[in-house]
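A.B. asks:
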Amino acid sequence: MIRFLQQSPPVSTYNISSQLQINAKLTPLRDDATSFLPQSTLTNITPPSSHAHKVSFKSYPNMHVLLLGGHGKVALHLTPLLLNRAWSVTSVIRNPAHESEILALGQGLKGTLKVLLSSLEDVKSPSDAQKIIDTVTPDYVVWSAGAGGKGGPARTIAIDQEAAKHFITASFASPGVSKFLMVSYLGSRRKQPSWMPDDEWAGIVRTNTEVLPTYAQAKQEADEYMTALAAQRKHESGPARPFQAINLRPGLLTDKPATRKVELGITPKGRGSVTREDVAIVADLLLARADTEGWIDLVNGEEGVEEAVERVARENIDAVVGEDVEGMVKRFFP
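Heads up: the sequence shown begins at 1 in full-length UniProt numbering, then just goes up one per residue.
1) May I have the straight-line CA-CA distance separating V74 from L66, to the nearest angstrom?
2) Apart from the five residues on each side of it in sequence, which residues of its chain come closer than 7 Å, Cβ to Cβ, to A145?
3) Please report the straight-line C-alpha distance between G322 and S194, rounded to a whole angstrom.
4) So, under 8 Å CB-CB, E293 and Q244 are touching, yes? Tell me the CB distance rounded to an integer number of Å.
5) I'd like the span of the alpha helix (DSSP H) that includes S171, first residue to last.
6) For L105 and T79, I'd like the C-alpha separation in whole angstroms.
7) Name, in chain order, the residues that DSSP records as bridge partners for L181.
8) Taking DSSP as the reference, what is the three-state secondary structure of D284?
9) Roughly how many angstroms separate the alpha carbons of R155 and K131, rounded to a whole number?
10) Which residues in the same chain have their Cβ closer than 7 Å to the Cβ of A170, if we skip the five residues on either side of it in sequence?
11) Less than 8 Å between the CB atoms is what I'm expecting for L248 and V274, so what's the real figure, rounded?
12) Taking a contact to mean a Cβ-Cβ separation below 7 Å, would you say K179 touches Y225 in this structure?
13) Confirm the yes/no value for this check: CB of L82, any heavy atom of the ligand HEM, distance under 6 Å.
14) What residue does the alpha helix (DSSP H) around I296 start on, and which one ends it?
15) What does a CB cutoff of less than 6 Å around R260 pick up in its chain, not counting 5 residues either side in sequence?
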């Protein structure tokens, strides 16, 4: 069951499970909507509803963001930032006990806030993700979800890897969605980047192989899948159907107050840290621009956050450099 709560007007609750059944009989996708995706990828996607809106690559007022993992600490910081732009936010959470906390974030702000009660563990296919996207009809999708180490390796794979991939697939296939921002992890990569010293890379390798191997595997799989889809989309569609695939890759997360000082784009600090509030600030700024995409590493540093985002966009910095993007495409779409 999926249930909506809305911050303004006054809270109302209704059951939309019947709507999800209706969504199973939706009109077909436009021919160009998924032309870049291999047919095998599309097999399990329920076509989006006929009211899907036209793709826009620009950031306008009243954009609608689907925020997955709405009760996570980064998401709790991000929600009011998005609302303050007069954007709408639909925050997806699993536990109804968190509804009032989420809705309180929108008090006095310009945008409209809704809460969608749905467990990401129940998202077993791109079709399941598509039903949620069709119900919400967002312009942008933000993945700030994760198992959080709860429930063992199987749950981590189910959420951080599989559910993430299902939402990525559905978002790329939805004509109304023009941006997907993934909150990932700085160490999610296969090769030591040229800008990172050996000792910093060794710390990442240890984390990925000894400390959090399942988490690292899940994040890497989801990151590479989105990277491959973005590359495939550019190859097949070019500028005709632009899509911003933003992979924001923070270092060790802390609960300290925001510094608004960062090292963004690429960083030699493989073991660097960053406040969750600063991650949210950067995510908000990246979403508000039409010229941000790719892998963007993030730790706290000395550069002002606005200047850092401007520099990364202007210089087209992408921390995917050194990774085998062509190999990713071949692996997922042989």
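Each residue gets a CB set at the ideal place from its N, CA and C atoms; glycine is no exception.
C.D. replies: Taking the coordinates as given:
1) For the purposes of this step, residue 74 is taken as residue 74 along the sequence shown, with counting starting at 1. For the purposes of this step, residue 66 is taken as residue 66 along the sequence shown, with counting starting at 1. The straight-line gap from Cα to Cα measures roughly 14 Å.
2) Taking the first residue of the sequence shown as position 1, residue 145 is located at position 145. Correct list, in chain order: L68, G69, G72, L120, I159.
3) Locating residue 322 in the sequence shown gives position 322, where the first residue counts as 1. Locating residue 194 in the sequence shown gives position 194, where the first residue counts as 1. Distance between G322 and S194, taken at the CA atoms: about 8 Å.
4) On the sequence shown, position 293 is the one that residue 293 refers to. On the sequence shown, position 244 is the one that residue 244 refers to. Yes, they are in contact, since the Cβ atoms of E293 and Q244 sit about 5 Å apart, within 8 Å.
5) Counting from 1 along the sequence shown, the entry for residue 171 is found at position 171. Counting along the chain, the alpha helix (DSSP H) containing S171 begins and ends at 164 to 173.
6) Reading the sequence shown from its first residue, position 105 is the one you call residue 105. Reading the sequence shown from its first residue, position 79 is the one you call residue 79. Distance between the alpha carbons of L105 and T79 is about 7 Å.
7) For the purposes of this step, residue 181 is taken as residue 181 along the sequence shown, with counting starting at 1. According to DSSP, which records beta bridges pairwise, L181 is partnered with V142, I246.
8) Start at 1 with the first residue of the sequence shown, and residue 284 comes out as number 284. D284: helix per DSSP, three-state reduction.
9) Here the question's residue 155 lines up with position 155 in the sequence shown. Here the question's residue 131 lines up with position 131 in the sequence shown. Their Cα atoms are separated by approximately 22 Å.
10) For the purposes of this step, residue 170 is taken as residue 170 along the sequence shown, with counting starting at 1. The answer, listed in chain order, is I45, P126, A129, Q130, I133.
11) Reading the sequence shown from its first residue, position 248 is the one you call residue 248. Reading the sequence shown from its first residue, position 274 is the one you call residue 274. Going by Cβ atoms, the distance from L248 to V274 rounds to 10 Å, so no, they are not a contact pair.
12) Mapped onto the sequence shown, residue 179 falls at position 179. Mapped onto the sequence shown, residue 225 falls at position 225. The answer is no: Cβ separation not under 7 Å.
13) The ligand HEM is absent from the structure shown, which contains no ligands of any kind.
14) Counting from 1 along the sequence shown, the entry for residue 296 is found at position 296. First-last for I296: 294 to 300, but that is the beta strand (DSSP E), not the alpha helix (DSSP H).
15) The count along the sequence shown starts at 1 and reaches residue 260 at position 260. Contacts found: V305.
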